[in-house]
């Protein structure tokens, strides 16, 4: 059985709040203009996290007949928004980074409502004898609001009223948050290394299938709806790369420790597939550059200031 002590239960939400504050430092209200310019693309990418990815998770759960706790963990991954990692992968894949950032921001802002709702519905669906886990929608909503909406709002407020200060601390702050994130994940995985190895087979298959479905559906559906190639790739990456830090945080706060395992494994696997797809798509450019919001400013500067967490 995985073990999560008081240290992890404090570190994970604190780390997530720090990352969300950093996201807020890089946002202004003008960044939401993409929603008005291409609302269909943004909505498809954002709500895909709470419709397409949960449905893909359900398929994986029932196909593999996962035990309830692991099934709940897979659903938790599927109901999380995208994170800063998806923005970085889109940058490397030469995707529409502005669209990626907008999708990440919107899906993150609406996740306090949809993530608890999806988990509550799934738990009710799987509510059979032997599944004694109870989910408090209200308590989960409160927690996600506190560690998502509040830090982002605070970061945007700091940027608005103390612009020079926020600009000065943004880059070192984001570097710190990355190092802090790596430290916490490595700490959690190392502490539970023996238990993880005992369950890695079944969880690994579930994670691989879920991630592949995310990429496939995230690309095929936009193409079917005649969304341009670059934007279809961008949406696929946004759907397939999840905010697993949020998944682990919710798991350790509300559920048995094994529910966090799919998030932990997904956090590793998504880098492998994400970097692979970035490599492939960066070399398979469309014959004509699609019109839209492809980033035209200094990409190195944008990567540091807008993409990284």
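Numbering (this note's numbering), first residue to last: 43 to 351. Glycine residues also receive a C-beta, built at the ideal position from the N, C-alpha and C atoms.
Query: Residue 281 vs residue 256 beta-carbon contact at 8 Å; Result: yes
Query: Counted within 10 angstroms of its Cβ, other Cβ atoms place residue 166 as buried (16 or more) or exposed; Result: exposed
Query: Contact under 8 Å by Cβ, residue 124 with residue 284; Result: yes
Query: Unbroken alpha helix (DSSP H) run spanning residue 98, endpoints; Result: 94-106
Query: Own chain, CB closer than 7 Å to residue 76, minus 5 neighbours either side, in chain order; Result: 84, 140, 141, 144 and 335
Query: Rounded straight-line distance, which links the Cα of residue 180 to that of residue 244; Result: 31 Å
Query: Neighbourhood of residue 52 by C-beta distance below 8 Å, restricted to the same chain and skipping five residues each side; Result: none
Query: Beta-carbon spacing of residue 399, residue 188 below 8 Å; Result: Nothing can be reported for residue 399, as the shown portion of the chain is limited to 43 through 351.
Query: Distance, residue 146 Cα to residue 11 Cα; Result: The requested residue 11 is not part of the displayed model; the chain covers only 43 to 351.
Query: Exposure of residue 330, with buried meaning 16 or more beta-carbon neighbours within 10 Å; Result: Because residue 330 carries a pLDDT of 48, less than 50, the predicted location of this residue cannot be relied on, and the following value inherits that uncertainty. Counting Cβ neighbours within 10 Å, residue 330 comes out exposed, since fewer than 16 surround it.
Query: Inside the segment 148-219 only - beta strand (DSSP E) runs reaching at least 3 residues; Result: none
Query: CB contact check: residue 115 to chain C, cutoff 8 Å; Result: Judged by its chain identifiers, the structure shown contains no chain C, having just a single protein chain.
Query: Within 8 Å, strictly: CB atoms of residue 112 and residue 288; Result: no
Query: Closest residue to residue 213 among 54, 321 and 61 (Cα-Cα distance); Result: 61
Query: Inter-residue spacing [alpha-carbon to alpha-carbon] between residue 58 and residue 100; Result: 26 Å
Query: As assigned by DSSP and simplified to three states, the class of residue 272; Result: helix
Query: For residue 126 and residue 80, the rounded distance between their alpha carbons; Result: 21 Å
Query: Straight-line gap, residue 290 to residue 305 (C-alpha atoms, nearest Å); Result: 6 Å
Query: Backbone CA spacing between residue 55 and residue 209 [nearest angstrom]; Result: 25 Å
Query: Proximity of residue 293 and residue 115 at Cβ, strictly below 8 Å; Result: yes
Query: Buried or exposed by the 16-neighbour rule on C-beta atoms within 10 Å, applied to residue 206; Result: exposed
Query: Where the alpha helix (DSSP H) containing residue 285 begins and where it ends; Result: Counting along the chain, residue 285 falls outside any alpha helix (DSSP H), and DSSP gives it neither H nor E.
Query: Within 8 Å, strictly: CB atoms of residue 200 and residue 69; Result: no
Query: DSSP-derived helix/strand/coil call for residue 125; Result: coil
Query: Where residue 275 falls, given that 16 or more other Cβ within 10 Å makes a residue buried; Result: buried
Query: Whole-number beta carbon distance between residue 271 and residue 193, since they are thought to touch under 8 Å; Result: Rounded, the Cβ-Cβ distance is 35 Å, inconsistent with contact.
Query: Presumed contact (8 Å Cβ cut-off) between residue 319 and residue 269, rounded CB distance; Result: Wrong, their Cβ atoms sit about 17 Å apart, outside the cutoff.
Query: Alpha-carbon to alpha-carbon, residue 122 and residue 308; Result: 12 Å
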